Every structure is written in structure tokens, then in C-alpha cells.
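Numbered by this note's numbering, the letters in the sequence shown go through residues 263 to 746 in order. Ideal Cβ placement from N, Cα and C applies to all residues, glycine included. In this text the structure is predicted, and so the values were computed from the model without any measurement. I have placed the structure first, in the form of C-alpha cells, so that the comments after it can refer back to it.
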Amino acid sequence: MNLLSYSAVELAAAIKEGKVTAVEAMEAVLSKIEETESKINAYVTIDKEAALAAAKAVQEKIETGVLTGPLAGVPVAIKDNLCTEGMLTTCASKILENFVPTFSAEAVINLEKAGAVIIGKTNMDEFAMGSTTETSAYGETKNPWNLEHVPGGSSGGSAAAVASNECFFALGSDTGGSIRQPASFCGVVGLKPTYGTVSRYGLIAYGSSLDQIGPLTKNVSDCATVLEVLATHDTKDSTSVKCEDTDFTSALVEDVSGMKIGIPRDYFGEGIDAEVKEAVLAAAKALEGKGAVVEEFDLSLVEYAIPTYYTIAAAEASSNLERFDGVKYGYRTSEFDGLHNMYKKTRSEGFGAEVKRRIMLGSFVLSSGYYDAYYLKALKVKAMIKKVFDDAFAKYDLILGPVAPTTAPKLGDSLSDPLKMYLGDIYTISVNLAGLPGISVPCGKDSKGLPIGLQLIADSFQEKKLIQTAYTYEKLRGAFGMED
Numbered sequence: 263m264n265l266l267s268y269s270a271v272e273l274a275a276a277i278k279e280g281k282v283t284a285v286e287a288m289e290a291v292l293s294k295i296e297e298t299e300s301k302i303n304a305y306v307t308i309d310k311e312a313a314l315a316a317a318k319a320v321q322e323k324i325e326t327g328v329l330t331g332p333l334a335g336v337p338v339a340i341k342d343n344l345c346t347e348g349m350l351t352t353c354a355s356k357i358l359e360n361f362v363p364t365f366s367a368e369a370v371i372n373l374e375k376a377g378a379v380i381i382g383k384t385n386m387d388e389f390a391m392g393s394t395t396e397t398s399a400y401g402e403t404k405n406p407w408n409l410e411h412v413p414g415g416s417s418g419g420s421a422a423a424v425a426s427n428e429c430f431f432a433l434g435s436d437t438g439g440s441i442r443q444p445a446s447f448c449g450v451v452g453l454k455p456t457y458g459t460v461s462r463y464g465l466i467a468y469g470s471s472l473d474q475i476g477p478l479t480k481n482v483s484d485c486a487t488v489l490e491v492l493a494t495h496d497t498k499d500s501t502s503v504k505c506e507d508t509d510f511t512s513a514l515v516e517d518v519s520g521m522k523i524g525i526p527r528d529y530f531g532e533g534i535d536a537e538v539k540e541a542v543l544a545a546a547k548a549l550e551g552k553g554a555v556v557e558e559f560d561l562s563l564v565e566y567a568i569p570t571y572y573t574i575a576a577a578e579a580s581s582n583l584e585r586f587d588g589v590k591y592g593y594r595t596s597e598f599d600g601l602h603n604m605y606k607k608t609r610s611e612g613f614g615a616e617v618k619r620r621i622m623l624g625s626f627v628l629s630s631g632y633y634d635a636y637y638l639k640a641l642k643v644k645a646m647i648k649k650v651f652d653d654a655f656a657k658y659d660l661i662l663g664p665v666a667p668t669t670a671p672k673l674g675d676s677l678s679d680p681l682k683m684y685l686g687d688i689y690t691i692s693v694n695l696a697g698l699p700g701i702s703v704p705c706g707k708d709s710k711g712l713p714i715g716l717q718l719i720a721d722s723f724q725e726k727k728l729i730q731t732a733y734t735y736e737k738l739r740g741a742f743g744m745e746d
């Protein structure tokens, strides 16, 4: 069996049994990266020597019985907005082109404790602002299924790396769909956990009330295993929640009998591609065949989700990105006249167009005279959206729908029309506004051979229901890959 076709859990088991070493696994990944990276551009930073040295150190710990977990020795890719001690962390932006953190994000520390070995940092939309990984200062990432198409965003580099076997699993962050949508476009599994389940310490913030770190993996078993490692309470993060039940792998059970699944009619109206609709409804039918109770219902307020999200996210972004000013760290303009001019020139030269657009929008909605009209109103609608989901989960265990209205668009299509790109997030953003968990699982391909993702949404801290249903569907669906 080709080493790269192993899932993360399978690889860790093979390393534990002595069939292969962590160093051999890392060498296989690095040689795959060398072969395909010039075409895909999934990575921003790779430190081969450090990766091989870390793999060697982990291998010794596995052999001496210090590391016994289900991810020990497995090479992992980290999205470039998660701080990694001693390794360049740029958020794919010129303004952080020379930033090397002195600490690591809690999620990264948890993976290292579990014995996962970091390969490098993946490409992303600049400061996670975008849905295509085309706003990166390091150039666009391409979709491994078809190099003329986008991989989705903002965790497009992580999704593309998993899909092209340039890593065994990856970390992404999801502010409005940035794990689930690239997972859907690249035919991999992506999970956005309940807000607070995974510590946000060390994640360079875009929208602090919406951001959540999660895994991108080859299958649902890997997804549950990684989430188990990530979900720890962290006193350094005031939004971190102490979850009582984090035994997510116990939910890897093939059984949905009696599971009540609601399908929002609003998700299947105008704007959705016919092939996407067909594949998602076929997946619902398959779950129904396994004993799930599936019915349609009205999930109101869907049309308000996008303006609400972009008002809140942009407001938080304008506040979070204030710290990048050329004074303490990061890029500083070479010629300036006084402090204010230095701020202005540094930010003008350091930030890309999409980031500037969102900072301006955020500053506008927070300005006096507009605060009540926009930001405060958006917060009220956010509370209403949460209430709508609460009502839905009083009746259903899960909500089922598409991840995105279409499959991956062609490179350049979305950037020419930012509004169109924003509308592509219609099915994912309300999950972030309500702080809920959601998972994307591949459920078919369109006539162009591009993957289609199925989205399952659960109530807060009900990840186990998501995992169980996604796992059952995955078993029903069978193998899924570029060659299948």
C-alpha cells in the first residue's frame, strides 16, 4: 500500500506496529510536496530540516513508549494564521512577512503533545478574509482536482494539502465557513467545532466572536481523533469552554436509526446549482434508508445572515487589525515622514485589497452615527438567528444541507465580483453566528468532476451526533477520491 494513501489514524497504527517510521512518513510527504507543490502552492513555509528532526525525536519517543496516542508520528500541516514558535507565521500577508512568534497556539501545542509532526504552514486568504485563497500575498492556491479552479477559502491551502496527499491532516480556522467550504471544494472532511471547544489562543484573530479552529482530514475517523486532541480547556483563552464529554471517537458508530434530520427549504431555493442540490438530497435519502427520520422545514432569517455576518466580522476585523501598524513587529515602510505617515504608508503597502475593504467597512459600521444603525442591529439579528436554530434543534437532532451553492468556481471568477464571493457563504455563516458545530463530508461530484460537499449542523456541543451521522454516511457512500 502506498504510504501516502494511509489515513492519519492508519499511519499512526502502522508506526506503532513498527511497519514504518515517523521519519519515513515525513520523507514521503516532503517528496510528494517537492513533486506537486509548484502546481498547487498549498504551503507558505516549509522547514524540511526541522520537520525531519522533529519526526526523528517523535520516533524515539514512540519506540520508548512515551508517545502512544493515535496521532503519534503523523505529519500535519498548520494554517498560517496559527502561531508556531520559531516558525514564520504571516497570515499570508505582506504586513507579517517577517513575523516569527515566540510561542505556539494552544491547538498546535496539543498536536505536538500528541506526537503529530509539523511539516509547515499552509497558504490562506490574507488574514483569513476571502473564500478562495486568492487574496494571499504568496499567490493563489489551486484546487488539486482541477488546477483551473479555486480550492475554496480561507483554509484553501490546508484543504488542498490534504486532498493532494501533501500532509495526512491539517488545521484550519473557520470564521464564516473557512474550514467547511474548502473541504467541500477539495473533496475532504472539514469540521468547525462549537465556539469555545478549541482554544483560540495563538490564532491571529479575524472576527473574535466567530473564529474557531478545526481539522481538515481524509475521513471522519481522522476528524474525530484530531478533535479529541484539540478539545481541551485553556485558561489563557477566556472563550474556552470546559467540555465534559470529549470522547469523540466513541461516536464512530454506523447507526442513524431514529435520528431526526431537518432539511431547510430555504437552502434549496434560487441560486443553488442543480447538481449540488441533487447530490445533497441523494445523501439525505441514503440516511433515510438507514433509519433516519428526514423532513423539510422552514429555517427563517437565512437572507439576513450575510449582511449580519459581514457587519459583525468586518467590525471585529477593523478592531483586531489595528495592532498591525509597523511599530512593534512585522513590515514597516522604508520611507516615511513622522509617526502618522509611517502608520498610513505601512498599512497601505502591507495590507491587500480585500483586507482594506473589510477594515474600511468595519470602521464605518463602528463609527459614531452608524454604530446603532448597523453594528447594534447586526448583533440583535445575530441573537435572532441563534433563536431560530434553538427552535429547530428542539425538533431535530441535525440540520442537513449543502456547504456551498456551487462547486469550486474558476480562478479569478470570485475576485472580479466580491459580492458574489460573499454570497457563496450563505449556507455556512449562520453556523458561526450561532456558535454551532458543522461538518462537511464529500457526497458526490458534478459533471466537471469537481467534489460536492454535504453539510451537517448540530446544536452546541453535539459534535458526537455530527460525527456519528457523518461516519454512517461515509460508510454508505464508500471510497471517495480523484481516482474513484
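| task | Please determine if the segment 511 to 529 and the segment 367 to 383 are in contact, where contact requires at least 3 C-beta pairs separated by less than 8 Å. | result | no
Buried or exposed: where does residue 394 fall if 16 or more other Cβ atoms within 10 Å of its Cβ makes it buried?
buried
_Closest to residue 497 by C-alpha separation, out of 409, 479, 460, would be which residue?_
460
Discussion item. Taking its Cβ as the centre, do 16 or more other Cβ atoms sit within 10 Å of residue 264, making it buried, or is it exposed?
Written reply: exposed
Under the rule that 16 or more other beta-carbon atoms within 10 Å means buried, what is residue 360, buried or exposed? exposed
Which first and last residues belong to the alpha helix (DSSP H) in which residue 305 is found?
From DSSP, residue 305 is part of no alpha helix (DSSP H) but of the beta strand (DSSP E) over 305 to 308.
Count the other CB atoms within 10 Å of the CB of residue 636; is the residue buried (16 or more) or exposed (fewer)?
-> buried
* **Three-state secondary structure assigned by DSSP to residue 334** => coil
| task | For the segment 461 to 536, list the beta strand (DSSP E) runs that are entirely contained and at least 3 residues long, ordered along the chain. | result | 474 to 479, 522 to 526
Inset, instruction - Could you say which of 619, 537, 655, 647 lies nearest to residue 248 if we only look at CA atoms? - result: Missing from the structure shown is residue 248; the chain here goes from 263 to 746 and no further.
| query | Is the Cβ-Cβ distance between residue 689 and residue 663 less than 8 Å? | reply | The beta carbons of residue 689 and residue 663 sit closer together than 8 Å.
- Name the two residues that bound the continuous beta strand (DSSP E) containing residue 453. 451 to 454
For residue 412, tell me which candidate among 302, 698, 598, 601 has the shortest Cα-Cα distance. 302
Original post:
So what does DSSP say about residue 601, is it helix, strand or coil?
Top reply: helix
Top-ranked residue by Cα proximity to residue 812, from 365, 350, 720, 624: This structure cannot speak to residue 812, because the chain is shown only from 263 to 746.
Exercise for the section: Measure the alpha-carbon distance for residue 431 versus residue 297 and round it to whole angstroms. Expected result: 18 Å
* **alpha helix (DSSP H) segment containing residue 294, residue limits** => 284 to 302
_Inter-residue CB distance, residue 324 and residue 284 (contact presumed, cutoff 8 Å)_ = Rounded, the Cβ-Cβ distance is 7 Å, consistent with contact.
Ignore the nearest five residues each way along the sequence and tell me which others in residue 364's own chain have a CB closer than 7 Å to its CB. 347
* Taking just the CA atoms, how far does residue 387 sit from residue 399? -> 8 Å
Our contact map puts residue 567 next to residue 718 with C-beta atoms below 8 Å; I'd like the distance itself, whole angstroms only.
In this structure, residue 567 and residue 718 do not form a Cβ contact; the two beta carbons are roughly 18 Å apart against a cut-off of 8 Å.
Could you say which of 716, 286, 685, 532 lies nearest to residue 317 if we only look at CA atoms? 286
Practice prompt. Can you check DSSP and say which residues form a bridge with residue 431?
Written response: 338, 479
Assuming residue 451 and residue 381 form a contact by the criterion Cβ under 8 Å, report the distance between their Cβ atoms to the nearest whole angstrom.
-> The pair is not a contact, with the Cβ atoms about 19 Å apart (cut-off 8 Å).
Taking C-beta to C-beta, are residue 464 and residue 625 nearer than 8 Å?
no
| query | Considering only the beta carbon of each residue, do residue 410 and residue 677 sit closer than 8 Å? | reply | no
Ignore the nearest five residues each way along the sequence and tell me which others in residue 491's own chain have a CB closer than 7 Å to its CB. 333, 372, 373, 376
- Can you check whether the CB of residue 443 is closer than 8 Å to the CB of residue 665? For the pair residue 665 and residue 443, the CB atoms are nearer than the 8 Å cut-off.
Evaluate residue 479 with the Cβ neighbour count: other Cβ atoms within 10 Å of its Cβ, from every protein chain shown; 16 or more gives buried, anything less gives exposed. buried
Worksheet entry | Candidates 708, 300, 557, 685: closest to residue 401 by CA position | 300
- Query: Just checking my contact of residue 304 with residue 419 at CB under 8 Å: how many whole Å lie between their CB atoms?
  - Reply: 5 Å
**Request:** Starting from residue 702, trace the beta strand (DSSP E) both ways and give me its first and last residue.
**Result:** 700 to 707
- Query: Just reading off the beta strand (DSSP E) that residue 644 is part of, what are its end residues?
  - Reply: From DSSP, residue 644 is part of no beta strand (DSSP E) but of the alpha helix (DSSP H) over 639 to 657.
By Cβ distance below 7 Å, which residues in the same chain neighbour residue 276 in space, the five residues on each side in sequence not counted?
268, 282
Residues in its own chain within less than 7 Å of residue 655 by CB, not counting five upstream and five downstream? 721
Check your understanding: What separation, rounded to the nearest whole angstrom, lies between the Cα atoms of residue 729 and residue 556?
Key -> 17 Å
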